[in-house]
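Numbering (my numbering), first residue to last: 5 to 140.
One structure is given below, encoded as structure tokens.
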Amino acid sequence: MSPDLELKIDIKSDIENAKSFVRGGSFIDWFLPSDLRYIKDKKLTPSKRDKIITEYTKEVYKTKEKEIIKDVEDTKRRWAMVKDRFYRITDDIFYGYDWPKGKYTGSASIYLMFPRDIKEKFFSFRIQKPGRIQLG
Numbered sequence: 005m006s007p008d009l010e011l012k013i014d015i016k017s018d019i020e021n022a023k024s025f026v027r028g029g030s031f032i033d034w035f036l037p038s039d040l041r042y043i044k045d046k047k048l049t050p051s052k053r054d055k056i057i058t059e060y061t062k063e064v065y066k067t068k069e070k071e072i073i074k075d076v077e078d079t080k081r082r083w084a085m086v087k088d089r090f091y092r093i094t095d096d097i098f099y100g101y102d103w104p105k106g107k108y109t110g111s112a113s114i115y116l117m118f119p120r121d122i123k124e125k126f127f128s129f130r131i132q133k134p135g136r137i138q139l140g
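If you want it as structure tokens, here you go:
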């Protein structure tokens, strides 16, 4: 049986993923929009970086709210069009092996890399039309 997948906007999750990614230190330039890369400055404390990430993320979600909502709705529509085929192919590849039980969640991200947590059945996904949502 195929799992239900919820695609949503979760600002708190995007903030926490960004903080975690920046703390990890790898591929920061790939993850951060160019206008936020200044937080790599060694003079900034981790708590100051966290505060900047939080404020930046909230501001983008506030100022780009309509575009983000539209893009997430577009992603939901596109997923609905392909999900049956995706699950059929997955079932073929894994010989119908049952999906692990639980809630599967995808959350939109304003950032440029998309972490996932397989154990928690969580992943981040790209906003579909990043050119419309100018971040830097």
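We put the beta carbon where it would ideally sit given N, CA and C, even for glycine.
* **Contiguous alpha helix (DSSP H) assignments of at least 4 residues, all confined to the region 56-104** => 69-97
* To do: In the DSSP assignment, find the alpha helix (DSSP H) that holds Ser24 and state where it starts and stops.
  => Ile15 to Gly28
* To do: Output the distance between the C-alpha atoms of Gly106 and Lys125, rounded to the nearest integer angstrom.
  => 8 Å
* **Residues near Phe127 by beta carbon distance below 6 Å, same chain, minus five either side** => Gly110 and Arg120
* Asked: With C-beta atoms as the reference, is Lys12 less than 9 Å away from Ala112?
  -> yes
* CB contact flag (Asp54, Lys80, <9 Å) -> no
* Can the beta-carbon of Pro7 be found less than 9 Å from the beta-carbon of Tyr115? -> no
* **Inter-residue spacing [alpha-carbon to alpha-carbon] between Asp18 and Glu63** => 13 Å
* Between which two residues does the beta strand (DSSP E) carrying Phe35 extend? -> Here Phe35 belongs to no beta strand (DSSP E); instead the alpha helix (DSSP H) covers Ile32 to Phe35.
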